[in-house]
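Taking it in order: structure first as C-alpha cells, then the write-up.
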Amino acid sequence: MPASRKWWKKRVHASVRFEFTKARPTMRCTGLLKKKPHSFFAAPRANFLRNICPGLAGILLLLLQPVLGGSSLEARTFEIQDGFSSTPLSDVLEVFEDTSGELEPSEVQRAGFRPVGAEVWNRGLSSAAHWFRFSLKNSTEHNDPIFLEIFYPLLDSVILYRPDKKGGYSPSATGDMLPFSHREMEHRNFIFVLRIPPGQTRDYLLRVSSSGPLQVPLRLRTAQDLLQKDRTAQYAQGVYFGIMLAMILYNAFLFIAVRYSGYLHYVFYILGLTLFQLLYHGFFFAIFLPDYPVLVNEALVFSIAFMLFWGIQFSRTFLNTRRYDPLLDRPLLVLQALSVVGGISSFVIPYQMALNFSVLSSVTFVLVIFATALRRLYRGYRPARFFLLAWSTLLVAILVLALKQYGWIPYTFLTNYAMQIGSGMEVILLSVALGDRIKAIEKEKKEAQAFAYQSLKKAHHIKDEFLYNTSLELREPIEGIVGMAEGLLELSKRSEDRPGRIDEIRDGLSVVASTGTIVSGLVNDILDFYRIKNSEIYLNRTSVSPASVVSVAMDLCRPWAVARGIELKIEIPGNVNLVHADEVRLRQILLNLLNNGIKFTQEGSVTVRARNLDQFVEFTIEDTGSGIPSDALEDIFFIFERPELAAGRKGGKGLGLTITRKLIELHGGLIRAESAGEGTRMIFTIPRSNASHPILPGMIPGSKESEPIPDYIPGHQGSHTILIADDDTIHLRAQERRLIQAGYRVLSAGNLQSLRRHLDREPVDLMIIDLYLNGQNGYELCREIRRDFSLHEMPVIIVGRGRSQAELEAAMENGANDYISRPVDRVELLSRVQMLLELRDSILERERLLSFEKELDVARSIMQRLIPAQLALPDGFDGSVLYLPAGTIGGDIYDFQNGDWFNLLIADVTGHGVPAALYASMVKIAHTVALREGKSSPAEILESIHGTIRNQLSEHFVTAGYLRIHPESQNLQYSRAGHLPLLIHRRASNDFTELNPGGRLLGLVDELNLEKEEIQLQSGDRIFCYTDGIHESVTESGLHFGEKEFKELAAKCRELGPDQTIQRITDRLSELSELAEQIEDDRTMILIDVK
C-alpha cells in the first residue's frame, strides 16, 4: 500500500464493528465522530476545539479529497465472527454514481463514496453505473466460503471486483444480459463466493448497471443459511406457481365443460400473469432459456402486454360491457389495442421506453377495470362483487410494484413480493367470481327459457294471426273475381242481345283483370314483407318523373275505381322535381295507397297531388271516404305487425300500409296520415333527384327521344312462332293469350314430351321454358337445345321464381338468352320477346342476305335502348357526355347509378354490329343485377359482371372501367378491367393525374386480379372517362390523336364548361378524322367537373 494510504489509514480510520452474541450480531462504532476510544485527531485541544473539531475535520476532508487522491473514508468494514449466519450489508455499504459509465476501479477508488443509508439501494430507472464499496474482515479461525447474494435477478450487468495478489482487482461479471452459464453459481439470483483467510480483511467493489429499475438488495450469507433460506423461498414459490397452474387447469376444464368464453379468456390471463412472475423472479431464464438473455429481457415486457390483453378481454366478457356499458367498453378496447402495440413494439423500441409504457398501461388498465366493475356493481350486476374485490387486491399489488420499481417506496419483502401475493389472492377471488357468474348465468338461462317459451307461444299466435289476416286480405278480391266470372258465364248462355252482351262481357273482364292485378299485388306485398324483414330488398334508384309514375298507377286502378263509381284525379304542377327512387317500388307505394283510398271511399273521388318540399317531393293521396279516428292515425301503418291493433277492424288487416311504410323509409322518406272526421290524406315524401343535365337527343347522332313502352306491343302477325313450356295450366294459358294478342303464333307444351314433339314437327323462333317443367331441370333442357341451336338461332327465355344474381348467372351459363322471374309482367315479357326476336331476325337476315344496312338499324336501335336517357350527378358536380357510335355500330356502353355513391360504368365490347350490341346488353343487365345485389366497391361490381357474362362472349371480350364518387367526402375510387386509365385534370394547377390500377379483360380469363386506386378530389378537378375510340382518330398524314395532344386540348379548355369542352373535343376529332362521313371506332366520353 502506498505511504500516503498507510498514513491515512493510521491517522484517519473509521469502521463499523459488529460483535456477535450467540446468533444475533450487535454493532459498535469505532472511529469516526467519536471522542472515545478514538477521536478524529489524537492531540489534546482546548474546549472550543474539542467541541467543533469533528465538524471542521469533516469539512476539511471533503475539501482535501482531490489533493489527497483517495476517498473521503476507507471502505467500512464488516467483521465476520464465530456464529455468523447472514446479514444485510446496508450498514457498511457505500455507493458512488458513475454518470459516465466508463470509470475503471482505479478511478473509482478516488471517487466520493457515500453511505447507502437504506437496507436496499433503490434508484428506480437510472442510466448511471453504480459502484458499491464494502470491506469484510474474517475474525474467525476458519476459511469457510461466504456468499454474497443479490436477490433481484433483473439487473443487466453485475461485476464484483475482488482484490488480487498484485494490489489490483480481479473482475467477475454476470447479469441478465449474459448467458446463465456465466454465473458463479447456477441460481436465479446473483450469488458470488467470497473466501477471506482468517484474520485478514478484504476490500470489494461492486459495479451494477441496468436499463430497467436499478435495485440492489445485498445480503451476506453462510452456506447453511443460503441453503435453508433458498429452500424456504423455493417452497413458497412452488406454492404460488402451483396455485396458478391449478387455476389454469381448473378453468380450462370448466371451459371445455361449460363452453363459456370467459373461462378461456381467464386461462390466457392467468397464463400471462404466471409468465410475468416466472420472468420477474428469474425462473424463466434459469429453467427455459438460459442461453438467450436478450430474448428473455424482451419477453418480460411482452408478458405484461399479453397479460393486459387477455385481462381486458376477460373483464369485458365477464362484465359484459359491450352490451350493458358501451361507454366504458370503448376505453377498454383502446387499452386492448395499446397492449397489442406494446407487445409488438417491445421487440423494436428501447427496453426502458417499452417498460415505461407497459407499467403505465398496467396501472391505467387496473384503474379502468376497477371503475368499470364499480359502475356495473352500482347498476345491480351481482357477480361484480367478487370481481371488484379481486381487482382491488391486484390494484394494490400493481401500484406497490410500480412505486417500488421507480424507487418511490423502499425495497422490502412485502413490496418485492406484493405482485405475487396480490395476484394469488386475485386468481382465487376471480375463480369464485366466475362460479358466481355461472350461477347467475344458470338463473338467466332459466328465465330466458321461460321467456322463450312465452315468446314461442306468442310467435305461434302471431303466425296464426298472419295467416288469418292474409286470408282476409285475399278473400275479398278473389270473391270478386269468382263472382264476376260466374256472372260472365251466365251472361254467355243468353242468346239475345249479342252486342250488349259483348259490351257487358268486356266490362266484366276489365274488372276481373283489374281485381286479378290487385290479388297479384297482395301476394307480392306478402313476399316483399318477408324480404324487407330479412333485409333482402335493394332499391334500383333512378331519376323518376312523379307525373309519369302517378299516371301509370292511376291507369292500373281505374277499372276498379270506375266499377265502384269513384273518380280519380291528378293535380301535379309542371315544376315538380324529379325524384330519386326505384320506379317499380314507387309505383307499388302509389298502388297500395290508391287501392286503400278506393276501398274506403263509398262515393266521391281520390286525388293525387305532388309538390316540392326542400330536398324532397311530397305526395298526397286524398280520398272522400269515411275518414280515420284521430286516436288511430298513429297506428294504421303498424296494424299488420301488431295484430292487437286490428281487433274489430273492417276492410283488411293493413298489410299494404305496412309494406308502404317500410318501402318509403327505405327510400329515406316519411309517411303520415291526416283525417278531419271525413276523408283521409296519406302524405309521404321521397328524396328529389339531383339530375340537372339530361342527355339531349342531338348529342347522340341518329338518336330519337325515348318513348314509353305501350301497354300493347304488336308482334309480326303470324311471322314468328313461339313455343311455351309450362306445367302450370293457368300460367301457360295466360302467357299464351298475351302472346297471341301481340300477334305471335304460339305453341303450348304442358310437359317435356309435348315440347319435344313440337320441336321435331315444325320450326320454332323462340322458346319460353319454365325452370321446373314436370319436376325436370329447365337448365338441362336448355343445354340440350344448345347442342342443336346457337344463341342466335333459338333464343330461350327461362321463367323462374327467384330474383338473385346467382339465378341469372346460372341461366346464362346454361345457354339461356334471358331470365324472367314470376309473377311475369305482361309489358316486360312482350318487350323482351320482341328484343330477342329482333336480334335473331337481324342475325339470320345478315347470314342470308348480308344486309349491312338492316343490321345497322337494328343494332343502333338496341344500343339506343341501352344508353341512359339522362346523366344525373350529385350536388356539387357538373358534367356532360359524348357518345358517337361507329358507322357499323360498336359495343361502347355506359351506365350509372346515383345514390349515396355515384357509380359510373364505361365499357367497350370488341367487334361491331348486332353481336357487339347483344353482348353490350348483357353487360348492362349484369351491371343492374350487381347493383341490386348490393355490390359496393368497383372491383366487386366488375367481378360480378365478369361472373355473369364470362361464358357467353364466345371469342369476344370486354374492357371496362368503373368509378365511384362519394359526394360528401369527394373520395373517388376506380378499378379497370383492361380499360384505359382514368384521367383527372387538376385545373387549379393545370396538372394531370392518371389512375391506372391493374386488372384483366372481362370474359377472357377466369381471374381478373382487379386492383383499386383512390384519390381525394378537389374543387375545380375535371374527370375524363373515355374509350379507346378517342385516341384512334387518324389524320391524313397517319398521326393518331394521342394522349399528349388530348391533354393539350383539355388544358386549353380548362376555363370552359363541360358542354363547351365536349363540343371542342368533338370538333377536333372531326377535323382529324380521315373519312368525314364515317367514324373509325365508337367514341364515348363522360366528363365530370367538381364544383
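Numbering of the sequence shown is given in the working numbering, commencing with residue 353 and proceeding in unit increments.
Virtual Cβ for every residue (Gly too), placed ideally from N, Cα, C.
All figures in this text were calculated on a predicted structure; none of them were measured in a lab.
Exercise. Taking 9 Å as the cut-off, decide whether the C-beta atoms of F500 and F544 are in contact.
Key: One-based indexing of the sequence shown puts residue 500 at position 148. One-based indexing of the sequence shown puts residue 544 at position 192. Reading off the sequence, residue 500 comes out as Leu, not Phe. In this structure, F544 lies closer than 9 Å to L500 by Cβ.
Quiz item: Per the contact definition of three or more C-beta pairs closer than 8 Å, is the region 1268 to 1279 in contact with the region 1328 to 1340?
Solution: Flag = no, the region 1328 to 1340 and the region 1268 to 1279 do not touch.
Practice problem: With DSSP as the reference, please indicate the residues paired to T1032 in a beta bridge. | Solution: Numbered from 1 along the sequence shown, position 680 holds the residue referred to as residue 1032. Listed as beta-bridge partners of T1032 by DSSP are D975 and S1027.
Practice problem: Quick one: give me the first and last residue of the alpha helix (DSSP H) that P898 is part of. | Solution: Against the sequence shown, residue 898 aligns to sequence position 546. Judged by DSSP secondary structure, P898 falls within the alpha helix (DSSP H) whose first and last residues are P898 to R916.
Quiz prompt | Nearest to L945 (by Cα), restricted to the options L641, D966, N929 and D975 | solution = Residue mapping note: residue 945 aligns to position 593 of the sequence shown, counting from 1. Ranking L641, D966, N929 and D975 by Cα distance to L945 puts D975 first.
Self-check item: Alpha carbon of A933 to alpha carbon of P1039, nearest angstrom
Solution: Numbered from 1 along the sequence shown, position 581 holds the residue referred to as residue 933. Numbered from 1 along the sequence shown, position 687 holds the residue referred to as residue 1039. Roughly 8 Å between the two C-alpha positions.
Quiz prompt | Contact check, A1077 vs G1102, beta carbons under 9 Å | solution = Taking the sequence shown and counting its residues from 1, one reaches residue 1077 at position 725. Taking the sequence shown and counting its residues from 1, one reaches residue 1102 at position 750. In this structure, A1077 sits near G1102, with a CB-CB distance shorter than 9 Å.
Practice problem: Could you name the residues of the same chain whose beta carbon sits closer than 8 Å to that of Q1412, not counting the 5 residues immediately before and after it, in chain order? | Solution: Residue mapping note: residue 1412 aligns to position 1060 of the sequence shown, counting from 1. Answer for Q1412: C1405, listed in chain order.
Practice problem: Mark M537 as exposed unless 16 or more other C-beta atoms lie within 10 angstroms of its C-beta, in which case mark it buried. | Solution: Locating residue 537 in the sequence shown gives position 185, counting from the first residue. Exposed is the label assigned to M537, since fewer than 16 other Cβ atoms lie within 10 Å of its Cβ.
Practice problem: Pair every Cβ in the region 581 to 596 with every Cβ in the region 516 to 530, then say whether three or more of these pairs are closer than 8 Å. | Solution: No, the region 581 to 596 does not touch the region 516 to 530.
Quiz item: Quick one: what's P440 bridged to in DSSP?
Solution: The residue labelled residue 440 in the question sits at position 88 within the sequence shown. Per DSSP, R571.
Exercise. Report the partner residues of Y1246 according to the DSSP bridge assignment.
Key: Counted from its first residue, the sequence shown places residue 1246 at position 894. In the DSSP output, where bridge partners are listed per residue, Y1246 has I1258.
Quiz prompt | P523: first and last residue of the uninterrupted beta strand (DSSP E) it sits in | solution = Taking the sequence shown and counting its residues from 1, one reaches residue 523 at position 171. Segment Y521 to T526, the beta strand (DSSP E) holding P523.
Quiz item: How should M1437 be labelled, buried or exposed, when 16 other C-beta atoms within 10 angstroms of its C-beta is the threshold for buried?
Solution: As a working mapping, residue 1437 is identified with position 1085 in the sequence shown. Around the beta carbon of M1437, 16 or more other beta carbons lie within 10 angstroms, which makes this residue buried.
Practice problem: Could you pull out every unbroken alpha helix (DSSP H) segment of at least 4 residues lying fully inside the region 1086 to 1151, listed in chain order? | Solution: The region 1086 to 1151 contains these whole alpha helix (DSSP H) runs: 1104 to 1113 and 1130 to 1138.
Quiz item: Applying the criterion that 16 or more other CB atoms from any shown protein chain within 10 Å of the CB defines a buried residue, is D1260 buried or exposed?
Solution: Translated into the one-based positions of the sequence shown, residue 1260 becomes position 908. In this structure D1260 is buried. Its beta-carbon is surrounded by 16 or more other beta-carbon atoms within 10 angstroms.
Exercise. Give me the Cβ distance between I1150 and A1163, rounded to the nearest whole Å; I'm assuming they're in contact under 8 Å.
Key: Position 798 of the sequence shown, counting from 1, holds the residue named residue 1150. Position 811 of the sequence shown, counting from 1, holds the residue named residue 1163. Here I1150 really is in contact with A1163; their C-beta atoms are around 5 Å apart, less than 8 Å.
Quiz item: Around the Cβ of P418, are there at least 16 other Cβ atoms within 10 angstroms (buried) or fewer (exposed)?
Solution: Position 66 of the sequence shown holds residue 418. Confidence at P418 is low in this model, with a pLDDT of 38, below 50, so its placement is unreliable and no value can be given for it.
Exercise. Tell me, please, which residues DSSP counts as bridged to P565.
Key: The residue you call residue 565 lines up with position 213 of the sequence shown. Per the DSSP secondary-structure output, P565 pairs in a beta bridge with L477.
Self-check item: Continuous alpha helix (DSSP H) assignments of at least 4 residues falling wholly in the region 600 to 641
Solution: DSSP runs (the alpha helix (DSSP H)) wholly in the region 600 to 641: 613 to 632 and 635 to 639.
Quiz item: Opposite R1316 in the DSSP bridges: which residues?
Solution: For the purposes of this step, residue 1316 is taken as the residue at position 964 of the sequence shown. For R1316, DSSP records a beta bridge to N1255 and Q1325.
Quiz item: So L751 and V715 are in contact, right, with Cβ under 8 Å, and what is the actual spacing, rounded?
Solution: Within the sequence shown, the letter at position 399 stands for residue 751. Within the sequence shown, the letter at position 363 stands for residue 715. Contact flag correct, Cβ pair sits at about 7 Å.
Quiz prompt | Assumed close pair V1116, T1073 - CB separation to whole angstroms, cut-off 8 Å | solution = Reading the sequence shown from its first residue, position 764 is the one you call residue 1116. Reading the sequence shown from its first residue, position 721 is the one you call residue 1073. Yes, they are in contact, since the Cβ atoms of V1116 and T1073 sit about 5 Å apart, within 8 Å.
Quiz item: In angstroms, rounded to a whole number, what distance separates the CA positions of P898 and T1300?
Solution: Locating residue 898 in the sequence shown gives position 546, where the first residue counts as 1. Locating residue 1300 in the sequence shown gives position 948, where the first residue counts as 1. C-alpha separation (whole angstroms): 33 Å.
Quiz prompt | Cα-Cα separation between M1034 and V901, rounded to whole angstroms | solution = Translated into the one-based positions of the sequence shown, residue 1034 becomes position 682. Translated into the one-based positions of the sequence shown, residue 901 becomes position 549. Looking at the backbone, the Cα of M1034 and that of V901 are separated by about 17 Å.
Practice problem: Write down the C-beta distance between N649 and M771 rounded to the nearest angstrom, noting that I regard them as a contact closer than 8 Å. | Solution: What you label residue 649 is simply residue 297 of the sequence shown in a count that begins at 1. What you label residue 771 is simply residue 419 of the sequence shown in a count that begins at 1. In fact, because the Cβ distance is near 18 Å, the residues do not count as touching under 8 Å.
Exercise. For the alpha helix (DSSP H) holding R1374, just list the boundary residues, first then last.
Key: Here residue 1374 corresponds to residue number 1022 of the sequence shown, with the count starting at 1. It is not in any alpha helix (DSSP H) - R1374 instead sits in the beta strand (DSSP E) that spans D1373 to Y1378.
Quiz prompt | Nonlocal neighbours in the same chain, by C-beta distance under 8 Å from S1371, ignoring five residues either side | solution = For the purposes of this step, residue 1371 is taken as residue 1019 along the sequence shown, with counting starting at 1. Cβ contact annotation for S1371 (same chain, cutoff 8 Å, sequence separation greater than five): A1340, V1442 and K1443, in chain order.
Self-check item: DSSP state of L500 mapped onto helix, strand, coil
Solution: To locate residue 500, count along the sequence shown from 1; it is residue 148. Note: L500 maps to strand in three-state DSSP.
Self-check item: Nearest neighbour of G774, chosen from Q629, L1324 and V871 [CA to CA]
Solution: Along the sequence shown, read from residue 1 onward, the residue named residue 774 stands at position 422. Across the set Q629, L1324 and V871, the C-alpha of Q629 shows the shortest separation from the C-alpha of G774.
Practice problem: Give the secondary structure of F532 by DSSP, where H, G and I count as helix, E and B as strand, and everything else as coil. | Solution: The sequence position of residue 532 within the sequence shown is 180, counting from 1. The answer is helix: DSSP assigns F532 an H, G or I state.
Quiz prompt | F989 - partner residues in DSSP beta bridges | solution = Here residue 989 corresponds to residue number 637 of the sequence shown, with the count starting at 1. Per the DSSP secondary-structure output, F989 pairs with nothing in a beta bridge.
Self-check item: contact_flag[the region 446 to 455, the region 480 to 488] where n(CB pairs < 8 Å) is 3 or more
Solution: The region 446 to 455 makes contact with the region 480 to 488: 3 or more CB pairs, one atom from each, lie closer than 8 Å.
Self-check item: Residues of its chain near R668, where Cβ-Cβ distance is below 7 Å and the 5 sequence neighbours each way are ignored
Solution: In the sequence shown, the residue the question calls residue 668 occupies position 316. The answer, listed in chain order, is R674, D681 and L684.
Quiz prompt | Distance, R734 Cα to L781 Cα | solution = Position 429 of the sequence shown holds residue 781. Position 382 of the sequence shown holds residue 734. Their backbone Cα atoms lie some 14 Å apart in a straight line.
Quiz item: So is T1311 buried or exposed if we call it buried at 16+ other beta carbons inside 10 Å?
Solution: In the sequence shown, the residue the question calls residue 1311 occupies position 959. It is buried - the Cβ of T1311 has at least 16 other Cβ atoms within 10 Å.
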